[in-house]
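These notes concern the structure reproduced below.
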Amino acid sequence: NAGVTQTPKFQVLKTGQSMTLQCAQDMNHNSMYWYRQDPGMGLRLIYYSASEGTTDKGEVPNGYNVSRLNKREFSLRLESAAPSQTSVYFCASSAPNYEQYFGPGTRLTVT
Amino acid sequence: AQSVTQLGSHVSVSEGALVLLRCNYSSSVPPYLFWYVQYPNQGLQLLLKYTSAATLVKGINGFEAEFKKSETSFHLTKPSAHMSDAAEYFCAVSVHGSGNTGKLIFGQGTTLQVKP
Chain Y
-19 NAGVTQTPKF QVLKTGQSMT LQCAQDMNHN SMYWYRQDPG MGLRLIYYSA SEGTTDKGEV
41 PNGYNVSRLN KREFSLRLES AAPSQTSVYF CASSAPNYEQ YFGPGTRLTV T
Chain R
255 AQSVTQLGSH VSVSEGALVL LRCNYSSSVP PYLFWYVQYP NQGLQLLLKY TSAATLVKGI
315 NGFEAEFKKS ETSFHLTKPS AHMSDAAEYF CAVSVHGSGN TGKLIFGQGT TLQVKP
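Protein sequence lines, in the order shown, are assigned to chains Y and R.
FYI, the numbering used here numbers position 39 of the first sequence as 19, with every residue one higher than the one before it.
With the second sequence counted from 1, adding 254 to any position gets you the numbering used here.
If you want it as C-alpha cells, here you go:
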C-alpha cells in the first residue's frame, strides 16, 4: 500500500518550458488535490477533483491545468513555466471524513 | 466561509518544556479540524483530527488538541517537547458547501524549534 505517490521528486525548468507532474493514489479515494507550498504562505490549493471526471479551480489556478485520468491518477500540467511557479507541489487524496493523505512532494525550480 | 489562523509563525521551546501551538478557526457550520506535521523535505502527515466526537483529541507522538467552540480554537499541545518534534505544524479546517469535496483550508504554518 504505497498511499500517494508523485513523480518527479525534483525538476528544473527554463522559463517557457512545459511539464506534467504525476500523482497516483491506491486508497480508492474519490477526491484528489494539487497544492503548492511557498515559504510563509502555507498550502494553497491549485485544483481539485471531487470525483473521477470532474475538476475544479482552487485558490491559485492560473498557469496550471489538470487531468483526472481515472480514479487513481490526477496530473498537473504547466504549459509555459514561469519563475513565479518555483515552488514545492503536493498532491493529496481524501477519505470521506475530510482526512487528507499527502504525497512526498515535487520540488520545482523555474529559471 | 471557513478560515484558519495560526498565531505565531515560529515557536521555540526547550527540550522537556510544554509545547503550545495556537489555532483559531472560522466556520459557519460545525467544522472538522486537523493538525498536520511536516518534517524537513517531506510531505504532510496527520497528527490528529476532530470530527465532532470528543472535544479532547489525542494524536500521535504524545500530541493532543482541544476543540473549544466558544473560543473557536483548536490549540495543539504536548506536555514535554522532544528534539524530534522540531518540524512545521499546520492547522486545517474543513470546507463545507455543495457536495462533499473534502476540501481543507490550511493555516500558514508554525515552525517549532526545540532547543537542547
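A virtual CB, placed ideally from N, CA and C, is assigned to each residue, including glycine.
Values in this document were obtained by computation on a predicted structure and should not be read as measured data.
- Item | Segment limits, beta strand (DSSP E) that includes Tyr27 (chain Y) | Translated into the one-based positions of the first sequence, residue 27 (chain Y) becomes position 47. Note, Tyr27 (chain Y): beta strand (DSSP E), Leu23 to Ser29.
- Query: From the DSSP output, which residues share a beta bridge with His9 (chain Y)?
  - Reply: On the first sequence, position 29 is the one that residue 9 (chain Y) refers to. Paired residue(s): none; His9 (chain Y) is not in a bridge.
- Gly85 (chain Y) versus R:Tyr293, R:Asn278 and R:Tyr343, residue with shortest Cα-Cα distance: The residue labelled residue 85 (chain Y) in the question sits at position 105 within the first sequence. Among R:Tyr293, R:Asn278 and R:Tyr343, the Cα nearest to that of Gly85 (chain Y) belongs to R:Tyr293.
- Query: With 16 other CB atoms within 10 Å as the buried threshold, where does Leu1 (chain Y) fall?
  - Reply: Taking the first sequence and counting its residues from 1, the one referred to as residue 1 (chain Y) is at position 21. Burial call: buried.
- Message: In the DSSP output, what is Thr(-15) (chain Y) paired with across the bridge?
- Response: In the first sequence, the residue the question calls residue -15 (chain Y) occupies position 5. For Thr(-15) (chain Y), which the question treats as bridged, DSSP gives the partners Y:Ala4.
- Query: So the beta strand (DSSP E) Leu58 (chain Y) belongs to, where does it begin and stop?
  - Reply: Taking the first residue of the first sequence as position 1, residue 58 (chain Y) is located at position 78. Leu58 (chain Y) -> beta strand (DSSP E) spans Phe54 to Leu58.
- Item | Contact under 8 Å by Cβ, Val90 (chain Y) with Leu(-7) (chain Y) | Residue 90 (chain Y) sits at position 110 when you count from the first residue of the first sequence. Residue -7 (chain Y) sits at position 13 when you count from the first residue of the first sequence. Contact: yes.
- Query: Can you list, in chain order, the residues of its chain whose CB lies under 7 Å from that of Gln(-9) (chain Y), leaving out five sequence neighbours each side?
  - Reply: Taking the first sequence and counting its residues from 1, the one referred to as residue -9 (chain Y) is at position 11. Once the five neighbours on either side are set aside, the close Cβ partners of Gln(-9) (chain Y) are Met(-1), Thr86 and Leu88.
- Please compile the residues from chain Y whose C-beta is within a distance smaller than 8 Å of the C-beta of Thr355 (chain R). Numbered from its first residue, the second sequence carries residue 355 (chain R) at position 101. Under the 8 Å cutoff, chain Y gives Ser11, Tyr28, Ala30 and Asp36.
- Message: Cutting at 8 Å between CB atoms, please list the residues of its own chain near Thr161 (chain Y), excluding the five before and the five after it.
- Response: Beyond the ends of chain Y as shown, which are -19 and 91, falls residue 161 (chain Y); an answer cannot be given.
- Compile a chain-ordered list of the residues in the region 303 to 331 of chain R whose CB is closer than 9 Å to at least one CB of chain Y. Lys303 and Thr305
- Short check: CB of Leu25 (chain Y) to CB of Glu39 (chain Y), under 8 Å? Counted from its first residue, the first sequence places residue 25 (chain Y) at position 45. Counted from its first residue, the first sequence places residue 39 (chain Y) at position 59. Contact: yes.
- Query: Could you give the distance in angstroms between the alpha-carbon of Leu261 (chain R) and the alpha-carbon of Tyr15 (chain Y)?
  - Reply: Taking the second sequence and counting its residues from 1, the one referred to as residue 261 (chain R) is at position 7. Taking the first sequence and counting its residues from 1, the one referred to as residue 15 (chain Y) is at position 35. Distance between the alpha carbons of Leu261 (chain R) and Tyr15 (chain Y) is about 22 Å.
- Message: Residues of chain Y with CB closer than 9 Å to the CB of Ser263 (chain R), please, in chain order.
- Response: Position 9 of the second sequence, counted from the first residue, corresponds to residue 263 (chain R). Neighbours of Ser263 (chain R) on chain Y, chain order: Gly20.
- Message: In the DSSP assignment, the beta strand (DSSP E) including Asn45 (chain Y) goes from what residue to what residue?
- Response: Translated into positions along the first sequence, residue 45 (chain Y) becomes position 65. First-last of the beta strand (DSSP E) with Asn45 (chain Y): Tyr44 to Arg48.
- Closer than 8 Å by beta-carbon distance: list the chain Y residues that pair up with Gln296 (chain R), in chain order. Here residue 296 (chain R) refers to the residue found at position 42 of the second sequence. Within 8 Å Cβ-Cβ: Pro84 and Gly85.
- Query: From the beta carbon of Ser348 (chain R), is the nearest beta carbon of chain Y less than 8 Å away?
  - Reply: Stepping through the second sequence from its first residue, residue 348 (chain R) is reached at position 94. At least one chain Y Cβ lies under 8 Å of Ser348 (chain R).
- Run down chain R in chain order and give the residues with a C-beta less than 8 Å from the C-beta of Glu79 (chain Y). Residue mapping note: residue 79 (chain Y) aligns to position 99 of the first sequence, counting from 1. Those within 8 Å of Glu79 (chain Y) in chain R are Phe288, Leu300 and Lys303.
- Task: Establish whether the CB of Phe70 (chain Y) and some CB of chain R are separated by less than 8 Å.
- Result: Within the first sequence, numbered from 1, the residue matching residue 70 (chain Y) stands at position 90. Yes, its Cβ sits closer than 8 Å to a Cβ of chain R.
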